[in-house]
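Residue numbers (my numbering): 133 to 312.
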Amino acid sequence: MEFVPLHIIHLDQDDPKKCTARKMEKFESAIVHNNVSKSPKRGFLLNPKSDEILGPDDKRIINLGASIVALDCSWKQIDSSLDYIEKKTKLVSKALPLVLAANEVSWGKPGRLSTVEAFAISLWILGKEKQARDILKPFRFGDQFLELNKEPLEAYANAQSNHELEKLQWDFFNESLLSN
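Below, the structure is given as structure tokens:
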């Protein structure tokens, strides 16, 4: 499948002016769901708390038409929001390998990604670089996100398995520096 369906479960918890999910909806690069029951039934939920990582092992399912679903919520309410969504869906939770945020709210923080950044890295590591670049175009920080993470993204895209990808991130990031 050339184009990966992107969906967002939006909980209206953050500043609408800084909300990348709403801008993605405006540019028709993702479908926003305000009601969890209307979100896809098959696919992956991007979940920074998951023990499993999204990567090359998931390409087959994506190529069969599975969606990538992001939860757009406040980082301050991430735990309760994830608990709520996981109870309401059967989506498979997957974390992302670490990259640096380039958005104005969390610039330079490892793993503190906006919705569009999370989708972009997902697409990139699944071999969908063109779609990743396209969804970043409307954002001032889009090119900076790719430049800031050029080396890890290149390495992640070449990983042969999810296990290899998970280990690769520690070539670029020091585990002890992570403090969400």
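Even for Gly, the Cβ is constructed at its ideal location relative to N, Cα and C.
The region 205–218 and the region 258–276 do not touch, with fewer than 3 CB-CB distances between them shorter than 8 Å.
Ala153 places its beta carbon 9 Å or farther from that of Gly175. Gly175: member of the beta strand (DSSP E) spanning 175–178, first to last residue. Between the alpha carbons of Leu300 and Tyr288 lies a distance of about 7 Å. Under the three-state reduction of DSSP, Lys226 is assigned to strand. If you check the CB distance, Leu178 and Phe251 come in under 9 Å. In this structure, the alpha-carbon of Ser254 lies about 7 Å from that of Leu228. Taken through DSSP and simplified to helix, strand or coil, Leu138 comes out as strand.
Within the DSSP bridge table, the entry for His165 names Ile141 as partners. Distance from Leu297 to Pro188 at the Cβ level is roughly 7 Å; contact confirmed, criterion being Cβ atoms closer than 8 Å.
Burial check for Leu230: the Cβ neighbour count within 10 Å reaches 16 or more, so the residue is buried. By the Cβ neighbour-count rule, Glu249 is buried, with 16 or more other Cβ atoms within 10 Å of its own.
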